[in-house]
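To start, the structure itself, in structure tokens.
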Amino acid sequence: MSATRTPRLTTRIGSLVLSNPILTASGTFGYGDEYAHVVELSALGAVITKTVTVEPRAGNAPTRIAETPAGMLNSIGLENVGLARYRAEKLPKLRKLGAHVIVSVGGETTNELVRLLEALGDERDLAGFEINFSCPNVSRGGARYWAVPRRLERTMKRLRGLTRHVLIAKLSPDVTSVGDLAIACEQGGADAVTAVNTFVGMAVDLDQRRSKLNRATGGVSGPAIKPLALARCHEAARAVRIPVIGSGGIMNARDALEFIAVGATAVQVGTASFVRPRAAQEVLEDLRSQLTLRGIKSIDEWRGCLMDALRPSANGRPARAEVAR
Numbered sequence: 001m002s003a004t005r006t007p008r009l010t011t012r013i014g015s016l017v018l019s020n021p022i023l024t025a026s027g028t029f030g031y032g033d034e035y036a037h038v039v040e041l042s043a044l045g046a047v048i049t050k051t052v053t054v055e056p057r058a059g060n061a062p063t064r065i066a067e068t069p070a071g072m073l074n075s076i077g078l079e080n081v082g083l084a085r086y087r088a089e090k091l092p093k094l095r096k097l098g099a100h101v102i103v104s105v106g107g108e109t110t111n112e113l114v115r116l117l118e119a120l121g122d123e124r125d126l127a128g129f130e131i132n133f134s135c136p137n138v139s140r141g142g143a144r145y146w147a148v149p150r151r152l153e154r155t156m157k158r159l160r161g162l163t164r165h166v167l168i169a170k171l172s173p174d175v176t177s178v179g180d181l182a183i184a185c186e187q188g189g190a191d192a193v194t195a196v197n198t199f200v201g202m203a204v205d206l207d208q209r210r211s212k213l214n215r216a217t218g219g220v221s222g223p224a225i226k227p228l229a230l231a232r233c234h235e236a237a238r239a240v241r242i243p244v245i246g247s248g249g250i251m252n253a254r255d256a257l258e259f260i261a262v263g264a265t266a267v268q269v270g271t272a273s274f275v276r277p278r279a280a281q282e283v284l285e286d287l288r289s290q291l292t293l294r295g296i297k298s299i300d301e302w303r304g305c306l307m308d309a310l311r312p313s314a315n316g317r318p319a320r321a322e323v324a325r
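Take full-length UniProt numbering: the last position of the sequence shown gets the number 325, and nothing is skipped along the way.
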């Protein structure tokens with residue numbers, strides 16, 4: 001009997017070659033080092049840290065998290081230590097993780113993002129930056145501000161000249177067209193886009209007659225949003241040639257394969273890590289088994305396998321309802 005070949009998971013995002021397509025989602029995995037005692041970080045494709053801003057942020061006032069059916073609602077508001085402490089305290093720890101580290105950066109204006117990239121763009125041992133254009137929980141510089149394609153394109157062009165590392169744009173789902181924003185980022189020089197961040201939602205405490213969050217609305221994540229995120233991911237993948245990183249409700253390897261089938265190059269595991277701290281590693285460990293069950297020898301063979309099946313035909317209808325797998 002011949003030995004079963006282990007499927008290859010090697011994944012490329014711009015100049016960055018990853019051992020596999022499983023990443024952590026920003027804001028759900030701390031700065032990375034907090035999980036080092038339970039997750040083999042070097043085994044993951046990459047660790048994406050929580051968003052850093054120029055100035056420290058305390059975040060929104062409590063209550064900031066509420067459970068929702070099949071998911072959760074958060075309104076953290078980009079709480080972080082700020083650029084100065086990030087460089088002094090966090091970067092030395094990130095260098096010791098033994099993993100590809102992608103730093104999430106956020107700002108209220110293009111100039112703030114420029115300041116962050118001017119300070120961090122040449123840092124050694126970093127794999128790249130994810131630009132947070134999509135936070136729904138801040139008053140200024142959040143998803144609505146960045147939902148303007150021309151603004152995104154101009155900003156990406158300025159950031160592109162400030163670093164040799166990979167640049168990823170994380171997009172909001174609460175826009176008219178994720179595809180249009182993805183195209184703007186591609187034209188601005190992004191190496192990849194992430195589709196998507198959380199969806200704006202609300203939960204009500206009937207007994208107290210108030211929102212369950214102090215800030216009224218927040219971002220919904222978890223299994224409840226997976227079908228919605230999957231559609232946005234597919235839209236982005238159809239719109240651009242650069243890699244799309246899928247995100248939204250991925251709890252297991254089967255979920256990850258769904259995103260990769262509709263065109264994602266890699267995926268991010270987020271809310272699942274709150275439920276199971278080892279979730280990202282568990283997804284990775286089961287991914288090869290899931291591919292083997294389907295007779296797939298490489299993640300490249302699986303990637304985008306639904307793209308042609310879902311491409312509209314000349315009359316505007318899907319060419320096929322399902323792919324025969």
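Where is the CB? At the ideal position from N, CA and C, for every residue including glycine.
Note that the structure is a prediction, hence the values are computed from the model and not measured.
The beta carbon of Pro223 lies closer than 7 Å to those of Ala70, Gly71, Gly249 and Met251 in the same chain, with the five residues before and after it left out. Secondary structure within the stretch 55-82: the beta strand (DSSP E) runs of 3 or more consecutive residues, fully enclosed, are 65-68 and 71-74 (chain order). Your pair Ala237 and Gly270 does not check out as a contact, with CB atoms roughly 19 Å apart and the cut at 8 Å.
DSSP places Val148 in no alpha helix (DSSP H); its state is neither H nor E.
Scanning its chain for C-beta atoms nearer than 8 Å, with the 5 sequence neighbours on each side dropped, one finds around Arg154 the residues Thr110 and Gly188, in chain order.
Secondary-structure assignment with DSSP links Arg12 through a beta bridge to Val17. Burial state of Leu257 is buried, judged by a 10 Å Cβ sphere holding 16 or more other Cβ atoms.
By the Cβ-count criterion, Ala61 is exposed, with fewer than 16 other Cβ atoms from all chains shown falling within 10 Å of its own Cβ. With fewer than 16 other Cβ atoms inside 10 Å of its own Cβ, Asn214 counts as exposed.
From the listed residues Gly246, Gly59, Ile260 and Arg12, the smallest Cα separation to Val196 is found for Gly246. With respect to Ala184, Arg150 sits close: the two C-beta atoms are nearer than 8 Å. Just so you know, the alpha carbons of Phe199 and Ser26 end up roughly 15 Å apart. Under the DSSP assignment, Phe259 falls in the alpha helix (DSSP H) whose first and last residues are Ala253 to Ala261. Taking C-alpha positions only, Ser134 is separated from Arg144 by approximately 8 Å. Per DSSP, Arg241 has no beta-bridge partner at all. The beta carbons of Phe29 and Val47 sit about 6 Å from each other, so the pair counts as a contact at 8 Å.
Short of 6 Å from the beta carbon of Glu186, and not among the five residues preceding or following it, lie these beta carbons of its own chain, in chain order: Val240 and Ile242. Taking a C-beta distance under 8 Å as the contact criterion, Leu9 and Leu287 qualify as a contact pair. Look at Ala169 here: in three-state DSSP terms it is strand. By the beta-carbon neighbour count (other beta carbons within 10 angstroms, threshold 16), Glu235 is buried.
Of all alpha-carbon atoms in Glu112, Gly59 and Ser15, the one lying nearest the alpha-carbon of Val81 is that of Gly59. The beta carbon of Lys50 is closer than 7 Å to those of Ser26, Gly27, Gly30, Tyr31, Asn80 and Ser104 in its chain, skipping five residues each way along the sequence. If you draw a straight line from the Cα of Asp33 to the Cα of Phe274, it comes to about 15 Å.
In the DSSP annotation of this structure, the continuous segment of the alpha helix (DSSP H) that includes Ile299 starts and ends at Ile299 to Trp302. In the DSSP assignment, Gly218 falls outside any alpha helix (DSSP H) and within the unbroken beta strand (DSSP E) covering Thr217 to Ser221.
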